[in-house]
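Count along the sequence shown from 1, then add 25; that gives the number in our numbering. Backbone N, C-alpha and C define an ideal beta-carbon position, used for all residues, glycine too. Here the structure is a predicted model, which is why all the values come from computation and not from measurement. Report on the following structure.
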Amino acid sequence: MTRSLRPSTKVLPGDVRARHRSMVLQHLFHSGPGSRADLARSTGLTRVTVSDLVGELLAEGLVAELGQEAEEGKVGKRGTLVGLRTDAFQIVAVDLRDDELLHGALVDLAGAVVEQRTARFTQPQGEVALADLTTFCRELLAAATCPVLGVGVASPGIVDADGRVLEAPNREWYDLPLAATLTAALGVPVHVGNDADAAALGEWTYGGALGGSLLVLTVGQGVGAGIVVDGALVQGHGHAAGELGHVTAVDERDAPDGPVGPPRPCACGRTGCLETVLALPALRRRVAGLDPEAADAALASVGRRLGIVLAPVVSALNLAEVVLSGPPELLGGPLRDTALAVIRERTMPVTSRGLQLRVTTLGEAAPLSGAAVLVLSGQLGVS
């Protein structure tokens, strides 16, 4: 069955051809090769329209004719199968979650990693970080072995629909037109999205998401969430949906010597945010030097705070699953188990019954997969 994210805006008359093209590519991407007649039936488009679009895609090298379809169950003349050329183009995908390293990959159109690289930031903030990112992208582009469809960047912070980073405190980027700046510097289309939104896209497209509603919580230098509800990516007013890392999880009413300690200052300027206890630097400090039993108890205490923050979100949206994206040795086990138990304690059974809370099957590559989907969606209308 074809899966796709529903567009968040209405399709204008001038976009109809692009929408039809997207429908054909979407079918080939998710369902595999098909004849022109199959494509017409599955998309609801006329055979003339499909034939015209397939001709265009053949000329661009995005699809190829694969020979005649099998005879079984077919009446009349056999059609010619058309398939997506997933290895004919590559995508540069970059993940900026890490506080020290840039993570990047060359990915084919099916999501398979062709080559993966890392580089160390000279300085992870400001103009120097932007220069490091530009150099890293150039190196990945130079390593491509076939035409590059575009560059996708999963960035921390609040990112608008044009790829402008409105606010990324950990990077010290404010009102930065990142997509436009990189497009001008690199000479290829660049698509930028919030790293948690990108992780949600990657999970939706490649990670085996269960249903039409999920939340992907990314845990790295910061904490964020990407949310898909009824097949649509939720962006919210001001493009800030999913900023759960900056919900207060510890405040002055908590015992200062309690399991998670007193509220700590956050990069956003507030204190006690979820990020201050759940981000990787905080988790690693919390378990450093502890024996396994004490480490499990420390992680469970963080899981309780996470469950408290997630419970109203699960209740409000009736999510099918919550996916944790980050190191499984920290996020799985006691942290995950405690968070799920707390969610169930704090919500009506009808809203949390059947809820799955799991660590991503995509591993550390989840934001990279999502960065690739940013390009697939932006250039081809495929997700």
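Reduced DSSP category for residue 124 - H, G, I as helix; E, B as strand; rest coil: coil
Same chain only: Cβ atoms within 7 Å of residue 33, ignoring 5 sequence neighbours per side: With a pLDDT of only 41 at residue 33, under the threshold of 50, the placement of this residue in the model should not be trusted, and no figure is reported.
Three-state secondary structure (DSSP) of residue 213: coil
First through last residue of the beta strand (DSSP E) which encompasses residue 143: 138 to 145
Own chain partners of residue 154 with C-beta closer than 7 Å, once the 5 adjacent residues on each side are dropped: 146, 148, 196
CA-to-CA distance, residue 223 to residue 234, given in whole angstroms: 14 Å
Neighbour-count burial assignment, residue 48, 16 or more Cβ in a 10 Å radius: buried
Per-residue DSSP class, three states only, for residue 51: helix
Rounded straight-line distance, which links the Cα of residue 326 to that of residue 319: 11 Å
C-alpha distance - residue 356 paired with residue 331, whole-angstrom precision: 11 Å
Candidates 63, 175, 270, 380: closest to residue 246 by CA position: 270
Residue range of the alpha helix (DSSP H) that includes residue 233: Here residue 233 belongs to no alpha helix (DSSP H), and DSSP marks it neither H nor E.
Among 121, 51, 274, 77, the one whose alpha carbon lies nearest that of residue 135: 51
Exposure of residue 361, with buried meaning 16 or more beta-carbon neighbours within 10 Å: buried
Any 3 or more C-beta pairs closer than 8 Å across the region 392 to 406 and the region 361 to 380: no
Pick from 275, 84, 353 that is closest to residue 113, judged by C-alpha positions: 84
Host beta strand (DSSP E) of residue 108 (start-end): 105 to 109
Where the alpha helix (DSSP H) containing residue 316 begins and where it ends: That residue, residue 316, is in no alpha helix (DSSP H); it is neither H nor E in DSSP.
Distance between beta carbons of residue 73 and residue 64, contact taken as under 8 Å: That belief does not hold up - the Cβ atoms of residue 64 and residue 73 are roughly 12 Å apart, past 8 Å.
Beta-carbon gap between residue 106 and residue 67 smaller than 7 Å: no
Length of the line joining the Cα atoms of residue 406 and residue 214: 14 Å
Residue closest to residue 255, alpha-carbon to alpha-carbon, out of 344, 46, 387, 249: 344
For residue 80 and residue 340, the rounded distance between their alpha carbons: 48 Å
Straight-line Cα distance separating residue 389 from residue 291: 24 Å
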